[in-house]
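Quick note on the numbering used here: the sequence shown kicks off at 1248 and runs consecutively.
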Amino acid sequence: HPEDFYVEQWAHVLRQAVARQARPPFPLGVLLTGGLDSRSLLGMLHQDAAGVVALTFGVPDCDDLRIAREVAGLLGVPHTYVPMDPAYLAQWGSRGVQITDGMKSCVHFNLLGPLAQLVQKARVLYKGFLGGTLQGHVVRPDRLAPLRSEDALALVFSARNHPFPAGEWTQLYTAEMWDQVQSLPRQALQDALARSQSDWSVDKDSYIDLYQEDVRFTLLGVELARSQALVRVPMADQDYIRFSVSVPPG
């Protein structure tokens, strides 16, 4: 199919997914950042629901706030900004670890402080979970080139493997434990790439996103919001997922 077909179909299935979840209790709140996912949700939700508000948190004068205000203003949607407390980790770190079993980066615990104020504006919050993966954020020209399996493994591993500095390993592992675990991350990634059953390195990378990172890491960001709010994720709609994974690379 020509590119226009996929663009029109993408808009159709996403609008359908948003409409399915545009239900009370109103008002509906969109956690609006400067990203494509939340902007898309706000634009489509604004068309399908009567009571919609845009909600943003972060440091003053950040790009997210600037873009969110501009988008909300263009749509005529009420916008609320809640500043982020620089001491959020000291206040919310233990609660964040409790919610996520320690499996989420502590950077993302910054939501927990503003969340109490955000839910006063809207009990229901919409997040763009899966949007980046399904809209192909790993699809770049260098990933469309055919790669040998070992080169694809090296590319994905270097992009995703962020270990502690070697000097800290002795503080984290005993020598015996380190001997047991040091090869496991690379081997686990190699096994996961093989399960993708694709010869395209970009497909392999997207497979890791969808079946490994999103379900084991990104989803925990949704769980942080669910600790205080009703959270809806239209981009996890089955029809939207089916269409997105059918679009050819590039």
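Ideal Cβ positions, reconstructed from N, Cα and C, are used throughout, including at glycine.
Own chain residues within Cβ distance below 6 Å of residue i, not counting five before or after
i              : result
leucine 1362   : Gln1475
tyrosine 1373  : Val1277, Leu1288 and Arg1479
aspartate 1332 : Gly1360
arginine 1286  : Val1318
tyrosine 1253  : Val1494
glycine 1305   : Asp1311, Leu1312 and Met1331
alanine 1250   : One point to set straight first is that residue 1250 is glutamate, not alanine, in the sequence displayed. For glutamate 1250, where only same-chain residues beyond five positions count, there are no Cβ hits under 6 Å.
C-beta contact flag for residue i and residue j at 8 Å
i              : j             : result
leucine 1279   : arginine 1370 : no
glycine 1375   : glycine 1282  : yes
alanine 1435   : leucine 1358  : no
lysine 1451    : valine 1492   : no
valine 1265    : valine 1299   : no
arginine 1394  : serine 1445   : Before going further, note that residue 1394 is leucine rather than arginine in the sequence given. For leucine 1394 and serine 1445, no; Cβs fall outside 8 Å.
glycine 1290   : leucine 1336  : no
aspartate 1284 : glycine 1343  : no
Neighbourhood of residue i by C-beta distance below 8 Å, restricted to the same chain and skipping five residues each side
i                  : result
glycine 1340       : Cys1353 and Phe1356
alanine 1297       : Phe1273
histidine 1326     : Leu1279, Val1300, Ala1301, Leu1302, Thr1303, Ala1315, Arg1316, Ala1319 and Gly1320
proline 1307       : Pro1330
phenylalanine 1490 : Gln1256, Trp1257 and Val1260
leucine 1419       : Phe1411
Cβ-based neighbour list, residue i, same chain, cut-off 7 Å, excluding 5 preceding and 5 following
i               : result
proline 1432    : Asn1408
leucine 1467    : Thr1347, Met1350 and Lys1351
cysteine 1309   : none
glutamate 1470  : Ile1346 and Thr1347
glutamine 1459  : Ala1439
tryptophan 1416 : Trp1425
Residue i versus the options, residue with shortest Cα-Cα distance
i                  : options                               : result
alanine 1399       : Thr1417, Gln1382, Gln1437 and Asp1461 : Gln1437
tyrosine 1328      : Ala1392, Leu1322 and Arg1313          : Arg1313
proline 1495       : Asp1310, Leu1466 and Val1386          : Val1386
alanine 1401       : Leu1440, Gly1378 and Ala1422          : Leu1440
glutamine 1268     : Gln1485, Pro1481 and Asp1332          : Pro1481
alanine 1258       : Leu1292, Gln1367, Ala1337 and Pro1274 : Leu1292
aspartate 1484     : Val1260, Pro1410, His1248 and Tyr1253 : Val1260
glutamine 1364     : Gly1468, Thr1303, Tyr1487 and Asp1310 : Thr1303
leucine 1381       : Ala1422, Val1254, Ile1488 and Tyr1253 : Ile1488
glutamine 1294     : Glu1470, Arg1270, Met1424 and Asp1461 : Arg1270
leucine 1486       : Arg1463, His1248, Gln1263 and Val1254 : Just to set this straight, residue 1486 is aspartate in the shown sequence, not leucine. Selected option, being the one with the closest Cα: Gln1263.
glycine 1383       : Val1469, Asp1251 and Leu1457          : Leu1457
serine 1396        : Gly1305, Pro1412 and Ser1443          : Ser1443
phenylalanine 1464 : Asp1284, Leu1377 and Ala1301          : Leu1377
alanine 1413       : Trp1425, Ala1406 and Ser1405          : Trp1425
glutamine 1367     : Leu1275, Pro1249 and Pro1307          : Leu1275
serine 1430        : Pro1410, Tyr1454 and Ala1406          : Pro1410
Those residues which DSSP pairs with residue i across a bridge
i              : result
valine 1300    : Gly1276
leucine 1457   : According to DSSP, which records beta bridges pairwise, leucine 1457 is partnered with nothing at all.
threonine 1327 : Leu1302
tyrosine 1373  : Val1277 and Arg1479
Proximity test, Cβ basis, 8 Å: residue i and chain D
i            : result
proline 1393 : Going by chain labels, chain D is absent from the structure shown, which holds only one protein chain.
Any non-hydrogen atom of the ligand MN closer than 7 Å to residue i Cβ
i            : result
leucine 1419 : In the structure on display, the ligand MN does not appear, and there are no ligands present to speak of.
Legend entry - Stretch pair the region 1343-1350 + the region 1306-1325: three plus CB contacts closer than 8 Å: no
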